[in-house]
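To start, the structure itself, in structure tokens.
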Amino acid sequence: MYKRIKVAKGFGDYAAGNMLRLLGHLDRLATEAPAAPYKDSINKGVGAADDKEIAAYYQPYGQWRG
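Position one of the sequence shown corresponds to residue 2 (our numbering), numbered consecutively onward.
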């Protein structure tokens with residue numbers, strides 16, 4: 002379903018992930034690169050997390066990680 006949503010005009014990774022949640026699929030994270038600098042600014046020097054680090058953090062939530 003993710004791939005089918007992504008082919009629609011205007012749907013990148015983040016929008017497709019959010020659409021999946023609206024459709025009841027909570028297993029896919031919606032991460033967006035512009036959010037990383039914000040995370041860095043609030044954590045003062047910790048550094049921005051990449052998508053793999055974010056996914057690893059939410060992995061324990063299993064099918065509800067999204």
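Just so it is clear, CB atoms sit at the ideal spot from N, CA and C, and this is done for glycine as well.
With distance defined between alpha-carbon atoms, name the residue in the options nearest to residue i.
i   : options       : result
Y62 : K53, D52, L30 : L30
Does DSSP classify residue i as helix, strand or coil?
i   : result
G63 : helix
L21 : helix
E33 : coil
Could you compute how far the alpha carbon of residue i sits from the alpha carbon of residue j?
i   : j   : result
Y3  : F12 : 10 Å
L23 : W65 : 13 Å
A57 : A50 : 11 Å
G67 : L27 : 5 Å
D14 : Q60 : 18 Å
Mind checking which residues open and close the alpha helix (DSSP H) that includes residue i?
i  : result
K7 : 3–7
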